[in-house]
Amino acid sequence: MAAEAEAAREARAKVIAAEGEQKAARALREASEVIGDSPAALQLRYLQDVRLPVQLQRAMAAEAEAAREARAKVIAAEGEQKAARALREASEVICDSPAALQLRYLQVNL
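Going by this note's numbering, the first residue of the sequence shown is number 9, and it counts up by one from there.
Pasting the structure below:
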């Protein structure tokens, strides 16, 4: 159960990351269409290999890590909500039917 939940969280995180990459690529395409072939656009094309200071790289990495952790917490909370709902529904079924309680008892003890 925990492994399935973890796999679901990882799959969801990959989907979120892919969506973010698609949005970034779309925004870059739109920006390049707006800029066109102006001198500024030509300068931007030549400045593709920009080196960032190590401190800025670390700050960006820390921000990205915090965002990933926040998404992971949200996904974990959603999983816990689903589990709580399922447990509540199961308890309602058992409360409504004494036979269900007896069957569950026999299933666990035999």
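Backbone N, C-alpha and C fix where the C-beta goes; we use that ideal spot for every residue, glycine too. The structure presented is a predicted model; accordingly, all values stated were derived computationally and were not measured.
Which stretch, first to last residue, makes up the alpha helix (DSSP H) that contains residue i?
{"i": "P106", "result": "P106 to N117"}
Can you tell me whether DSSP reads residue i as helix, strand or coil?
{"i": "L60", "result": "coil"}
Could you say which of the options lies nearest to residue i if we only look at CA atoms?
{"i": "R79", "options": "A21, R66, A70 and L111", "result": "A21"}
{"i": "A13", "options": "E100, L95 and G87", "result": "G87"}
Just to confirm my understanding: we take residue i, look at its own chain, exclude 5 residues before and 5 after, and list those with CB closer than 8 Å. What are they?
{"i": "R76", "result": "A21"}
Starting from the C-beta of residue i, find all residues in its chain whose C-beta is less than 7 Å away, skip the five residues before and the five after it, and write them out in chain order.
{"i": "A84", "result": "R17"}
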